[in-house]
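Quick note on UniProt numbering: the sequence shown kicks off at 1 and runs consecutively. A short write-up of the structure that comes next.
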Amino acid sequence: MTQDDAPPSSSQQGLEEENHPRRRDVLATVTLGMGCAGACALAYPFLNSLNGTQSSRIGEDDTVEVDCSKLSPGQQLVVTWRGWPVFVQRRTPEMLASLRVPELAHRLRDPESKMHQQPQDAINWHRSVVPEIGVLIGICTHLGCVPSFDAPSSGDRSGKYACPCHGSQFDIAGRAYKDAPAPYNLPVPPVTIISDQHLLIGKSKGDPDFDIATIQQI
1 MTQDDAPPSS SQQGLEEENH PRRRDVLATV TLGMGCAGAC ALAYPFLNSL
51 NGTQSSRIGE DDTVEVDCSK LSPGQQLVVT WRGWPVFVQR RTPEMLASLR
101 VPELAHRLRD PESKMHQQPQ DAINWHRSVV PEIGVLIGIC THLGCVPSFD
151 APSSGDRSGK YACPCHGSQF DIAGRAYKDA PAPYNLPVPP VTIISDQHLL
201 IGKSKGDPDF DIATIQQI
């Protein structure tokens with residue numbers, strides 16, 4: 001047996017056993033470090049997107065222009081703003097008259113829009129910048145379902161919104177009825193009227209500092 005073929009001495013075995021754990025520790029540390037770096041790399045865009053979502057100041061790049069020229073009286077169209085469905089209505093005289101019926105106030109949770117669910121220029125009996133055009137974020141304030149629009153008909157010339165999930169109802173101005181789950185009126189986004197047929201959602205000329213994140217609930 002040559003010297004190279006001789007079995008390792010006990011001191012050599014101890015040295016190798018001591019080095020193996022060290023190598024394993026180094027490999028584990030490197031692997032963990034790479035894993036953390038990868039996780040951080042994946043997490044950064046996610047956290048950054050959350051940061052962008054939470055920052056809800058109204059800016060020029062956060063607007064949607066809507067063409068209402070083809071919107072018939074008594075009908076609505078749906079656009080998307082910030083990922084939310086937004087209802088844009090062209091109201092008829094009958095729809096507007098229904099909002100001023102004195103008995104209606106007794107059936108509503110917040111008939112005078114005292115809860116902070118709209119910009120200052122929508123705190124009025126029609127909850128909009130101009131009476132003829134209504135704009136509402138179509139998210140039920142109960143559990144977030146999208147209410148359906150019951151357009152005015154021969155039997156009901158006022159129209160309303162009804163939530164298909166738990167029965168909440170709102171009048172044509174988005175005000176929540178009592179004795180139903182929704183605790184707040186539908187939110188009104190910031191709106192600027194550009195012309196008779198065009199409006200801008202996302203910016204309020206009458207309340208330029210309005211921040212949608214400050215409303216009571218969406």
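We put the CB at the ideal spot given by N, CA and C, even for glycine.
| Query | Result |
| --- | --- |
| How close, in whole Å, do the beta carbons of I172 and R91 come, if the pair is a contact with beta carbons under 8 Å? | 7 Å |
| Rounded to the nearest angstrom, what separates V188 and G206 at their Cα positions? | 13 Å |
| So if DSSP puts G202 in a beta bridge, which residue, or which two residues, is it bridged to? | In the DSSP output, where bridge partners are listed per residue, G202 has none listed. |
| Where W84 and K178 are concerned, what is the direct C-alpha to C-alpha distance, given to the nearest angstrom? | 25 Å |
| Where do the N-terminal and C-terminal ends of the alpha helix (DSSP H) with L96 fall, by residue? | P93 to S98 |
| Considering only C-alpha positions, which residue in the set V129, Q76, Q117 and K114 is nearest to L200? | V129 |
| Among the candidates Q117, R175, Y184 and H142, whose CA atom is the shortest distance from the CA of P164? | H142 |
| With DSSP run on the structure shown, which of helix, strand or coil describes Q120? | helix |
| Let me know if P208 comes out buried or exposed under the rule of 16 or more other beta-carbons within 10 Å of its beta-carbon. | exposed |
| In angstroms with no decimal places, state the Cα-to-Cα distance between N124 and F149. | 22 Å |
| With distance defined between alpha-carbon atoms, name the residue in V78, V88 and R175 nearest to H106. | R175 |
| Can you tell me which residues form a DSSP beta bridge with F210? | Answer by DSSP bridge pairing: none, since F210 is not bridged. |
| Compute the Euclidean distance between the alpha carbons of G159 and D62, then round it to the nearest angstrom. | 30 Å |
| Do Q169 and A151 have their C-beta atoms within less than 8 Å of each other? | no |
| Can you tell me whether P190 is helix, strand or coil according to DSSP? | coil |
| Using C-beta distances below 8 Å, list every residue in its chain close to Q75, excluding the 5 sequence neighbours before and after it, in chain order. | Q89, R90 and A151 |
| How about H126 and L96: are their beta carbons less than 8 Å apart? | yes |
| What residues in its chain sit with their C-beta under 8 Å from that of T214, if we drop five residues either side in the sequence? | H116 |
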